[in-house]
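Position 224 of the sequence shown, counted from 1, bears residue number 415 in this note's numbering, the numbering being contiguous throughout.
Quick notes on the structure that follows.
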Amino acid sequence: MQSKDLLQIAQEFGNPIYVYDAERIILQYQRLEKAFAKVERLRINYAVKALSNISILKLLKNQGSGLDTVSIQEVRLGLHAGFTPERIIYTPNGVSFEELEEAAHLGVQINIDNLSVLEHFGSKYPSIPVCIRINPHVMAGGNANISVGHIDSKFGISVHQMPHILRIVQNTGMHINGIHMHTGSDILDIEVFLYAAEILFDAAKNFTELDFLDFGSGFKVPYKKDDIETDVEELGKKLTKRFNAFEKEYGRDLTLAFEPGKFLVSEAGYFLAKVNVVKQTTSTVFAGIDSGFNHLIRPMLYGSQHEISNISNPKGKERFYSVVGYICETDTFANNRRISEIKENDILCFKNAGAYCYSMASNYNSRFRPAEILWINNKAIVIRKQETMDDLLHNQILYEDLKN
Ligand SMILES: Cc1ncc(COP(=O)(O)O)c(C=O)c1O
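See below:
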């Protein structure tokens, strides 16, 4: 999609606003499918947490995707979007046992990452098939906040605890139908991923009735020019070969599953915000936008760098700006960035705003969450309205005795 389309959307629907390019999501889905075309049974389960709008879920369903969910609410969103329970895997961490039971009763695939929960669940429901999330103790990416397979991570059951897992499985008679790992977001080196995959293959040999091996996700997408990107085509070649050999050795049909979030939706998303103020200080020029970390928190949370362009003045002379929000905290989107000359009321466009952007938005400072637009077949469709004062007040109750 082009800048002129984005500008028109901002003019027509207001701002701040999120825009998602459907074609880009579909292309990414197809790219991943193609990279693993030689795997007979491939399952792509989109990670709902990245962007959970039901129209996005439906778009991916139409491509043949399943869902990866981490909360009972995500499971329910998936069902609402039309997914059947068998197409949903539920991989929670630290949730209540009741929530796990609720998901199991809905018929979704349970993925357990804790020994005590495994024992409890297996004792109570030995006939419900369960997947086990292994922690391979491999750090795939560079950022400890988003690398979750390392030794200090709270996720997964340590692969060194395999004897204990097997004891629980034997004692309860439970049925393990899948084995899973997720080393974390932003795989920089596919050799590291393949190394972790070997650990999963080894772990899988302990179970005789597996239907699938789930390799999680973590495909890195570029955020700026010349940024590192996971080479999914190369990974596809190498992992396919290894997976197909393992399947033969295992002697039973196996599905290869992934659960990408960022890879599918990050680059499809744009966040548009208007410049409220341009403020010169002794050290910099601030461009203050009508948004803040209430709408896009990744730069402050992870130090992520979203490319920012001035789509109102794309050909203007470039100058240096610090782009900040209107929240009463430090909410710096970008420091000392070269952007074409900014005037008040210009529209800035943040790239890679599809994954972990809207889904992490909040009402901090009592601001409304923005609208979401799907750009599909050259048309802009509203898939979520901007919130209103009614939404902010919806669940609040004014205590009777305070009314006068
Ligand atoms: C278990 C699990 N699977 C999949 C994902 C999706 O990861 P990504 O968005 O990097 O593809 C995550 C992200 O946190 C995750 O925790």
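Every residue, glycine too, gets a C-beta built ideally from N, C-alpha and C.
Per DSSP, the bridge partner or partners of Ser-474:
Ser-474 is not bridged to any residue.
Using 7 Å as the cut-off, classify the Cβ of Glu-400 as near or not near the heavy atoms of ligand 1, replying yes or no.
Outside the cutoff, so no.
Can you give me the C-alpha to C-alpha distance between Gly-298 and Pro-276, rounded to a whole angstrom?
Cα to Cα, the separation comes out at about 5 Å.
Does DSSP classify Ile-588 as helix, strand or coil?
coil
So which of Asn-556, Arg-358, Glu-438, His-371 has the shortest CA-CA distance to Lys-229?
Glu-438
Can you give the Cα-Cα distance for Asn-336 and Phe-346, rounded to whole angstroms?
With a pLDDT of 45 at Asn-336, under the threshold of 50, the predicted position of this residue should be treated as unreliable, though the coordinate-derived value follows. Answer to the nearest angstrom: the Cα atoms are 12 Å apart.
Quick one: which unbroken alpha helix (DSSP H) runs of 4-plus residues sit fully inside the region 424–475? Chain order, please.
List check, alpha helix (DSSP H) in window: 453–456.
For His-328, which of Glu-214, Thr-282, Ala-388, Ala-272 has the nearest alpha-carbon?
Ala-388
Whole beta strand (DSSP E) runs in the region 343–397 with 3 or more residues, listed along the chain?
Considered as a whole, the region 343–397 harbours 367–371 as its complete beta strand (DSSP E) runs of no fewer than 3 residues, in chain order.
Given Lys-465 as reference, the closest of Ser-553, Leu-248, Glu-535 once Cα atoms are compared
Glu-535
Indicate the three-state DSSP secondary structure (helix, strand or coil) for Asp-582 in the structure shown.
helix
Per DSSP, which one or two residues make a beta bridge with Gly-257?
Asn-236
Verify the contact flag: Thr-282, CB atom, against every heavy atom of ligand 1, threshold strictly below 7 Å.
Result yes, Cβ under 7 Å from ligand 1.
Quick one: is the Cβ of Pro-451 within less than 7 Å of any heavy atom of ligand 1?
yes
Let's see if you can read the secondary structure: which residues bound the beta strand (DSSP E) around Leu-565?
562–567
The alpha helix (DSSP H) with Ser-314 in it runs from where to where?
Following the DSSP letters along the chain, one finds Ser-314 inside the alpha helix (DSSP H) bounded by residues 306–315.
Is the region 468–484 touching the region 426–446, taking contact as three or more C-beta pairs under 8 Å?
no
Should Phe-403 be counted as a contact of ligand 1 given a C-beta to heavy atom distance under 7 Å?
no
Report whether the distance from the Cβ of Asp-259 to the nearest heavy atom of ligand 1 is below 7 Å.
yes
Return yes when at least one heavy atom of ligand 1 lies under 7 Å from the C-beta of Lys-345, else no.
Not a single heavy atom of ligand 1 lies less than 7 Å from the C-beta of Lys-345.
The beta strand (DSSP E) spanning Asp-418 covers which residue range?
Here Asp-418 belongs to no beta strand (DSSP E), and DSSP marks it neither H nor E.
Can you list, in chain order, the residues of its chain whose CB lies under 7 Å from that of Pro-505, leaving out five sequence neighbours each side?
Hits under 7 Å: Ser-194, Ser-531.
Report the CB separation of Phe-454 from Ser-408 in whole angstroms; it is logged as a contact under 8 Å.
7 Å
Check Asn-556 in the structure and name its three-state DSSP category.
helix
Would you mind stating whether Lys-542 and Glu-498 have Cβ atoms separated by less than 8 Å?
yes
Would you call His-373 buried or exposed, if buried means 16 or more other Cβ atoms sit within 10 Å of its Cβ?
It is buried - the Cβ of His-373 has at least 16 other Cβ atoms within 10 Å.
Three-way DSSP call (helix, strand, coil) for Gly-407 in this model:
Three-state DSSP puts Gly-407 in coil, outside helix and strand.
Out of Phe-312, Ser-318, Arg-234, Ala-241, point me to the one whose CA is closest to Ile-280's CA.
Arg-234
On the DSSP bridge assignment, give the partners of Tyr-209 in chain order.
Phe-462, Glu-563
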